[in-house]
Amino acid sequence: MKRTYIILLVVLVIVAIGWYGYSEYNRTNEDLLKKKPAYSMQAAELIAAFEKDTASANRKFTDKVIQVSGTVKSLDTNGNPVVIALGDPGQMSSVQCSMDSSHAEGYRKIREGDHVTLKGMCTGGKTEEMFGTDVILNRSVALTDK
Amino acid sequence: MINKVMIAAVLICAATVTQAQDRYFTKSGRIEFFSKAPMEDIEARNKTVAAVLDTKSGALQFSVLMKSFEFEKALMQEHFNENYVESNKFPKAEFKGSITNNGDINYAKDGSYTAKVKGKLTIHGVTRDVETTGTIKVASGKIDASSVFNILLSDYNISIPAIVKDKISNSIKIAVDCKLEPLK
Chain A
1 MKRTYIILLV
11 VLVIVAIGWY
21 GYSEYNRTNE
31 DLLKKKPAYS
41 MQAAELIAAF
51 EKDTASANRK
61 FTDKVIQVSG
71 TVKSLDTNGN
81 PVVIALGDPG
91 QMSSVQCSMD
101 SSHAEGYRKI
111 REGDHVTLKG
121 MCTGGKTEEM
131 FGTDVILNRS
141 VALTDK
Chain B
147 MINKVMIAAV
157 LICAATVTQA
167 QDRYFTKSGR
177 IEFFSKAPME
187 DIEARNKTVA
197 AVLDTKSGAL
207 QFSVLMKSFE
217 FEKALMQEHF
227 NENYVESNKF
237 PKAEFKGSIT
247 NNGDINYAKD
257 GSYTAKVKGK
267 LTIHGVTRDV
277 ETTGTIKVAS
287 GKIDASSVFN
297 ILLSDYNISI
307 PAIVKDKISN
317 SIKIAVDCKL
327 EPLK
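Listed in order, the protein sequences are those of chains A and B. Quick note: the first sequence uses the numbering used here, first residue 1, plus one each step. Quick note: the second sequence uses the numbering used here, first residue 147, plus one each step.
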């Protein structure tokens, strides 16, 4: 009887490990629509933080969910994903939001010049003489009702 | 005296405008990589490539953040950033080079042209000379620059853990496609 329990326990442990391994292997990136942002700010503020000190801003914002509001300066709908750039149209710098196509209904009516609020995973920022300062948000979702 | 100042100002403005018109750029260029391997195929995409092309000189520059590559599987993405390219330590990859046959490309005329590209590619903190060919498509004042080429992970000191060494390919196919617009 005791031996049966031990065999049953071993089988359960193997199944549990197998299930964990399988689900971990097939895990997809987290949906950010309901995820609480670590920071909520204006696009200009976020750009300014990276312009002032890129290394320090990267430490603070990279791998964090950020909610950002601003004017749409450009919209790239060529292929998937759609990329919405927020910032001052007169400046090179921008927040580039690569959109999550599984929430396309939230952003398909957004147009250049609109004021919108987007939320995405910050993958970092860079400042270069040629391109200005760019902050990248991946898997972004639109919170503005557009 | 005032006339001279005005002429100088006009010339400076004209020079600036000409320079800007020679440059085409994007910040939402696409880059994808693909590796076929016995264990599993690895592919990722990134549509936030910053690229600029100076049509006058043929100078070409690309820049991309490594963490912006998106994989279908989260675990693969984490392994890519932590174990392979070490994105926290080397956050950016870039290419600086030029189109060596720039004179053969007529940017004023719509068409498809073969571009020979030569320059320095930096990945994982390692810079190497690369030479490849690409296509420049000119249409209605816009430029589509694309190229497909292979790199070896070992060239960029990206080591594959011993346990999966025989199952992951050392050769990675990279495809870049940038739709460039005039820099205003």
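Glycine residues also receive a C-beta, built at the ideal position from the N, C-alpha and C atoms. All values reported here derive from a predicted model rather than from experimental measurement.
Point to revise | Neighbour flag for Q91 of chain A against chain E, beta carbons, 8 Å | key: Among the protein chains in the structure shown, which are A and B, there is no chain E.
Practice item. Give the DSSP-derived three-state secondary structure of K34 of chain A in the structure shown. Key: Numbered from 1 along the first sequence, position 34 holds the residue referred to as residue 34 of chain A. Of the three classes helix, strand and coil, the one that applies to K34 of chain A here is coil, per DSSP.
**Study point:** Distance CB(K126 of chain A)-CB(S209 of chain B) smaller than 8 Å
**Key:** Within the first sequence, numbered from 1, the residue matching residue 126 of chain A stands at position 126. Within the second sequence, numbered from 1, the residue matching residue 209 of chain B stands at position 63. Judged by beta-carbon spacing, S209 of chain B lies within the 8 Å limit of K126 of chain A, meaning their Cβ atoms are closer than that value.
Review point. From the DSSP output, which residues share a beta bridge with S74 of chain A?
Key: Here residue 74 of chain A refers to the residue found at position 74 of the first sequence. Assignment of beta-bridge partners to S74 of chain A by DSSP yields A:A85.
Practice item. Measure the Cβ-Cβ separation of P237 of chain B and L199 of chain B and say whether it is below 8 Å. Key: In the second sequence, the residue the question calls residue 237 of chain B occupies position 91. In the second sequence, the residue the question calls residue 199 of chain B occupies position 53. Their beta carbons are not under 8 Å apart, which means P237 of chain B does not touch L199 of chain B by this criterion.
Practice item. Step through the CB atoms of chain B and report whether any lies within less than 8 Å of the CB of Y25 of chain A. Key: In the first sequence, residue 25 of chain A corresponds to position 25, counting from 1. Residue contact check for Y25 of chain A against chain B: a CB pair falls below 8 Å.
Review point. Does the Cβ of P81 of chain A have 16 or more other Cβ atoms within 10 Å, making it buried, or fewer, making it exposed?
Key: Sequence index remark: in the first sequence, residue 81 of chain A carries index 81 (1-based). It is buried - the Cβ of P81 of chain A has at least 16 other Cβ atoms within 10 Å.
Check your understanding: Considering only residues of the region 107 to 142 of chain A, which uninterrupted beta strand (DSSP E) runs meet the minimum length of 3 residues and lie entirely inside it, listed in chain order?
Key -> Whole beta strand (DSSP E) segments, 3+ residues: 115 to 128 and 132 to 142.
Exercise for review: Run down chain B in chain order and give the residues with a C-beta less than 8 Å from the C-beta of F131 of chain A.
Suggested key: Taking the first sequence and counting its residues from 1, the one referred to as residue 131 of chain A is at position 131. Near F131 of chain A (Cβ distances below 8 Å), the residues of chain B are F171, K173, A196, V198 and S209.
Review point. If you run the structure through DSSP and keep just helix, strand and coil, what is A49 of chain A?
Key: As a position in the first sequence, residue 49 of chain A is number 49, starting the count at 1. Reduced to three states, the DSSP call for A49 of chain A is helix.
Check your understanding: CA-CA distance, D290 of chain B and I17 of chain A?
Key -> As a working note, residue 290 of chain B is residue 144 in the second sequence. As a working note, residue 17 of chain A is residue 17 in the first sequence. When rounded, the distance between both Cα atoms is 49 Å.
Review point. Taking the alpha carbon of E112 of chain A as the point to measure from, which residue in A:D31, A:A85, A:M92 and A:T28 has its own alpha carbon closest?
Key: Counting from 1 along the first sequence, the entry for residue 112 of chain A is found at position 112. Nearest neighbour of E112 of chain A by Cα position, chosen from A:D31, A:A85, A:M92 and A:T28, turns out to be A:A85.
Review point. So, helix, strand or coil for M99 of chain A, using DSSP?
Key: For the purposes of this step, residue 99 of chain A is taken as the residue at position 99 of the first sequence. Reduced to three states, the DSSP call for M99 of chain A is strand.
Point to revise | Supposed contact pair Q67 of chain A and T123 of chain A - C-beta distance, whole angstroms, cut 8 Å | key: Taking the first sequence and counting its residues from 1, the one referred to as residue 123 of chain A is at position 123. Taking the first sequence and counting its residues from 1, the one referred to as residue 67 of chain A is at position 67. Rounded, the Cβ-Cβ distance is 16 Å, inconsistent with contact.
**Study point:** Spatially closest choice to S293 of chain B from B:K283, B:K330 and B:K213, by CA coordinates
**Key:** Here the question's residue 293 of chain B lines up with position 147 in the second sequence. Looking at the Cα atoms, B:K283 is the closest of the given residues.
**Study point:** Selection of the region 72 to 84 of chain A by Cβ proximity to chain B, strictly under 7 Å
**Key:** Those residues of the region 72 to 84 of chain A that come within reach of chain B (Cβ to Cβ, closer than 7 Å) are D76, N78, G79, P81 and V83.
Review point. Got a sec: is the Cβ-Cβ distance from P333 of chain B to anything in chain A below 8 Å?
Key: Nothing in the structure corresponds to residue 333 of chain B, since chain B is present only between 147 and 330.
Check your understanding: Along chain B, in chain order, which residues have C-beta atoms closer than 7 Å to that of D134 of chain A?
Key -> Walking along the first sequence from the start, residue 134 of chain A turns up at place 134. The answer, in chain order, is K173 and A196.
**Study point:** T4 of chain A, enclosing beta strand (DSSP E) - first and last residue
**Key:** Here residue 4 of chain A corresponds to residue number 4 of the first sequence, with the count starting at 1. Run containing T4 of chain A: none in the beta strand (DSSP E); it sits in the alpha helix (DSSP H), K2 to Y25.
Review point. Around the Cβ of E332 of chain B, are there at least 16 other Cβ atoms within 10 angstroms (buried) or fewer (exposed)?
Key: Absent from the structure is residue 332 of chain B, since the part of chain B shown begins at 147 and ends at 330.
Check your understanding: By Cβ distance, which residues of its chain are closer than 7 Å to M92 of chain A, with the 5 residues on each side in sequence left out?
Key -> For the purposes of this step, residue 92 of chain A is taken as the residue at position 92 of the first sequence. So the qualifying residues of the chain are F131 and G132.
Exercise for review: Leaving aside the five residues before and after K266 of chain B along the sequence, list all residues of the same chain whose C-beta is less than 8 Å from its C-beta, in chain order.
Suggested key: By 1-based counting over the second sequence, the position of residue 266 of chain B is 120. Once the five neighbours on either side are set aside, the close Cβ partners of K266 of chain B are F241, K242, G243, T273, R274, D275 and V276.
Check your understanding: Smallest Cα separation from I318 of chain B: which of B:I188, B:E228 and B:K255?
Key -> Position 172 of the second sequence, counting from 1, holds the residue named residue 318 of chain B. Ranking B:I188, B:E228 and B:K255 by Cα distance to I318 of chain B puts B:I188 first.
**Study point:** Which residues DSSP lists as bridging N192 of chain B, in chain order
**Key:** In the second sequence, the residue the question calls residue 192 of chain B occupies position 46. Beta-bridge pairing links N192 of chain B to B:I177.
Exercise for review: Note the first and the last residue of the continuous alpha helix (DSSP H) segment covering D240 of chain B.
Suggested key: As a first step, residue 240 of chain B is located in the second sequence; it is residue number 94 there, counting from the start. The question names Asp, but residue 240 of chain B in the sequence shown is Glu. For E240 of chain B, no alpha helix (DSSP H) run applies; the uninterrupted beta strand (DSSP E) run containing it begins and ends at K238 to I245, by DSSP.
Point to revise | Own chain partners of A197 of chain B with C-beta closer than 6 Å, once the 5 adjacent residues on each side are dropped | key: Here residue 197 of chain B refers to the residue found at position 51 of the second sequence. Same-chain partners within the cutoff: T172, G175, F208 and C324.
Point to revise | Helix, strand or coil at G265 of chain B [DSSP, three-state] | key: Counted from its first residue, the second sequence places residue 265 of chain B at position 119. Strand at G265 of chain B.
Check your understanding: Given that A220 of chain B touches chain A, what residues does it touch there, using C-beta distances under 8 Å?
Key -> Sequence index remark: in the second sequence, residue 220 of chain B carries index 74 (1-based). Those within 8 Å of A220 of chain B in chain A are R27, T28, N29 and E30.
Check your understanding: S74 of chain A and Q42 of chain A look like a contact to me (Cβ under 8 Å); what is the Cβ gap, rounded to whole Å?
Key -> Position 74 of the first sequence, counted from the start, is the residue given in the question as residue 74 of chain A. Position 42 of the first sequence, counted from the start, is the residue given in the question as residue 42 of chain A. That pair is no contact at about 18 Å.
**Study point:** Minimum Cβ-Cβ distance from G106 of chain A to chain B less than 8 Å
**Key:** Within the first sequence, the letter at position 106 stands for residue 106 of chain A. Cβ-Cβ to chain B under 8 Å: no for G106 of chain A.
Exercise for review: Confirm, please, whether the CB-CB distance from T71 of chain A to H115 of chain A is below 8 Å.
Suggested key: The residue given as residue 115 of chain A occupies position 115 in the first sequence. The residue given as residue 71 of chain A occupies position 71 in the first sequence. Taking 8 Å as the Cβ cut-off, H115 of chain A and T71 of chain A qualify as a contacting pair.
Exercise for review: Would you mind sorting R191 of chain B into buried or exposed? The rule is 16 or more other CB atoms within 10 Å of its CB.
Suggested key: Locating residue 191 of chain B in the second sequence gives position 45, where the first residue counts as 1. A residue is called buried when at least 16 other Cβ atoms come within 10 angstroms of its Cβ; R191 of chain B meets this threshold and is buried.
Review point. At what residues does the alpha helix (DSSP H) containing Q223 of chain B begin and finish?
Key: Counting from one through the second sequence, the residue named residue 223 of chain B turns up at place 77. It spans A220 to H225 - the alpha helix (DSSP H) in which Q223 of chain B sits, taken as one unbroken run.
Practice item. Return no unless some Cβ of chain B is closer than 8 Å to the Cβ of S94 of chain A. Key: Here the question's residue 94 of chain A lines up with position 94 in the first sequence. By this cut-off, S94 of chain A is an interface position.
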